[in-house]
Each structure stands twice: as structure tokens, then as C-alpha cells.
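This report concerns only the one structure given below.
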Amino acid sequence: MTASALPRVRTVLFTALVVGSLGLLSGCAPEPGPTSPTDSPSATASPSITAPGGTEQPSGEPTEPAELPDLGEAGPECGDVLSDDDIYAYNPNFSAVASPTPASDSLLERAASLDGTTCRWVNNSSGEALDIAVAVPGETELAELRDEAESSATPAPALSDPPAVEAYFDRVGDVGTGQVFADGRWIVLSDAAFLEAGDLEELVATVLANVSAA
Numbered sequence: 002m003t004a005s006a007l008p009r010v011r012t013v014l015f016t017a018l019v020v021g022s023l024g025l026l027s028g029c030a031p032e033p034g035p036t037s038p039t040d041s042p043s044a045t046a047s048p049s050i051t052a053p054g055g056t057e058q059p060s061g062e063p064t065e066p067a068e069l070p071d072l073g074e075a076g077p078e079c080g081d082v083l084s085d086d087d088i089y090a091y092n093p094n095f096s097a098v099a100s101p102t103p104a105s106d107s108l109l110e111r112a113a114s115l116d117g118t119t120c121r122w123v124n125n126s127s128g129e130a131l132d133i134a135v136a137v138p139g140e141t142e143l144a145e146l147r148d149e150a151e152s153s154a155t156p157a158p159a160l161s162d163p164p165a166v167e168a169y170f171d172r173v174g175d176v177g178t179g180q181v182f183a184d185g186r187w188i189v190l191s192d193a194a195f196l197e198a199g200d201l202e203e204l205v206a207t208v209l210a211n212v213s214a215a
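Per our numbering, the sequence shown runs over residues 2 to 215.
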């Protein structure tokens with residue numbers, strides 16, 4: 002080999018070595034693996050509302066039911082309280098009123114709320130009303146009514162027969178009102194003509210006899 006051919010041989014050998022090295026390097030490189038998705042769905046937990054201390058907060062406070070009165074029994078019919086003959090004997094100038102409406106916040110209205118009977122007769126000359134209510138409340142309600150009568154009205158010995166009958170009288174404004182407690186019944190009598198407890202004696206005696214027999 003001549004001296005001029007040596008550089009070409011060296012160049013060829015060097016080139017072959019470089020190419021071979023590149024082939025070896027490419028053969029040793031790891032094959033690309035499967036790509037994982039960039040976005041993966043994840044479950045989202047619903048938020049829960051908790052009170053301090055880790056306990057669940059109630060949606061609302063429970064509402065206590067309203068206290069109902071101790072109704073007891075239904076009151077008698079008006080015809081059983083005073084008959085037409087009774088009214089005529091008391092005053093022939095009275096006429097019955099159908100389905101009367103008691104005055105607001107009156108004892109008569111309270112008697113009606115206890116499932117009692119409210120009755121009304123009107124004096125045809127003066128227009129004044131005679132109201133009578135009879136209720137048979139439960140023991141608890143009856144005791145409360147008696148306590149209220151003792152504190153707000155005056156005992157009426159003329160209408161009483163202790164211990165079976167206890168009576169009270171009070172006059173507010175132009176109207177006199179008597180309350181009678183007898184045999185578990187609460188009886189209310191109201192009229193502008195009642196100036197004192199003695200004015201109710203005849204009616205109270207008749208009403209007590211009638212409701213006891215009903």
C-alpha cells in the first residue's frame with residue numbers, strides 16, 4: 002500500500018466505527034411503553050354539612066305541639082238547660098236566639114271552647130240578653146276555672162250549697178255574671194239585669210235541676 006492511500010483507509014475505518022457505534026446505541030435504547038392518559042376521571046365526594054364537634058347539623062328544630070284544653074264531655078242542649086216553659090215562667094217576654102256568638106275573651110267564649118253549650122234569650126222589650134253556658138271540662142281544667150273564680154269574683158252564699166255547689170258572682174260594667182260549680186259542671190249565667198247574686202237564685206236552681214236530670 003502506498004503512502005498516499007493510507008489516509009483514505011483510515012478515513013473509511015473511522016467512518017465504519019462511528020456508524021457501528023451508532024447502531025449499537027440505537028439497539029440498546031428502551032422501546033417506548035404505552036402512554037397513560039393525561040386526564041383520569043376521579044369520583045368527587047358530595048360535601049356534607051356538619052356542626053362543630055363533628056356531628057350532623059339538624060335541618061330544623063322540632064316544634065312542640067300546642068297544649069290542648071282538657072275538654073271533658075260535651076255540654077247539654079239548650080232545651081235541656083232551660084225549657085220553653087222554664088223561660089216563660091222566668092219571664093214571658095224572652096225569646097230564644099239560635100246559634101249565639103259569645104263575646105270575645107268572655108267566660109261564655111271559654112265555655113264554648115271547652116265543648117260547652119252556650120244559650121241566649123233576648124228580652125223583647127229591652128233587647129238585653131240572658132246568656133247561659135254549661136260546660137263539663139276535665140278535672141284539670143275544672144280546677145283551674147275554680148281557682149280563677151275564687152281569685153277574680155266574690156263567693157255567692159245565696160247560690161251555694163257546699164260542698165256540692167260552689168258559686169261566685171261578679172259585676173263588670175253593666176253586666177252581672179255568676180259562676181256555679183256543681184257535679185263536675187261549670188255553669189255561667191250573664192245578664193245586665195243581674196245586679197247581685199240573689200237575682201240568679203231562681204235560674205240557678207232551675208238549671209241545676211235540669212242538667213242533673215239530663
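C-beta atoms are modelled at their ideal positions from N, C-alpha and C, and glycine is treated no differently.
Query	Result
Report the three-state DSSP secondary structure of L131 (helix, strand or coil).	strand
Span of the alpha helix (DSSP H) holding T178?	Counting along the chain, T178 falls outside any alpha helix (DSSP H), though it belongs to the beta strand (DSSP E) covering 176-183.
According to DSSP, is T102 part of a helix, a strand, or is it coil?	coil
Here's the rule: buried if 16 or more other CB atoms are within 10 angstroms of the residue's CB, otherwise exposed. What is Y89?	exposed
Looking at the structure shown, is E167 part of a helix, part of a strand, or coil, going by DSSP?	strand
Under a Cβ-count criterion, where at least 16 other Cβ atoms within 10 Å of its own Cβ denotes burial, should A163 be classed as buried or exposed?	Residue 163 is actually Pro in this sequence, not Ala. P163 is exposed by the Cβ-count criterion.
Exposed or buried, which one is T102 when buried takes at least 16 other CB atoms within 10 Å?	exposed
Tell me the rounded alpha-carbon separation between L209 and V166.	10 Å
What number of angstroms, rounded off, separates the C-alpha of L83 from the C-alpha of D175?	24 Å
Which one of V181, S213, E142, A130 has the shortest CA to CA distance from A154?	V181
Can you check DSSP and say which residues form a bridge with D192?	G177
Straight-line CA distance for E129 to N92?	13 Å
If V137 and G185 are in contact, beta carbons under 8 Å, what's the gap, nearest whole angstrom?	6 Å
My understanding is that G177 touches L196, with C-beta atoms under 8 Å, so please give their C-beta distance in whole angstroms.	6 Å
Starting from V82, follow the alpha helix (DSSP H) in both directions and report where the run begins and ends.	79-82
So, is A183 buried or exposed, given that buried needs 16 or more other C-beta atoms within 10 angstroms?	buried
Take E145 and list the residues in its own chain whose beta-carbon comes closer than 8 Å to its own, dropping the five residues that flank it on each side.	none
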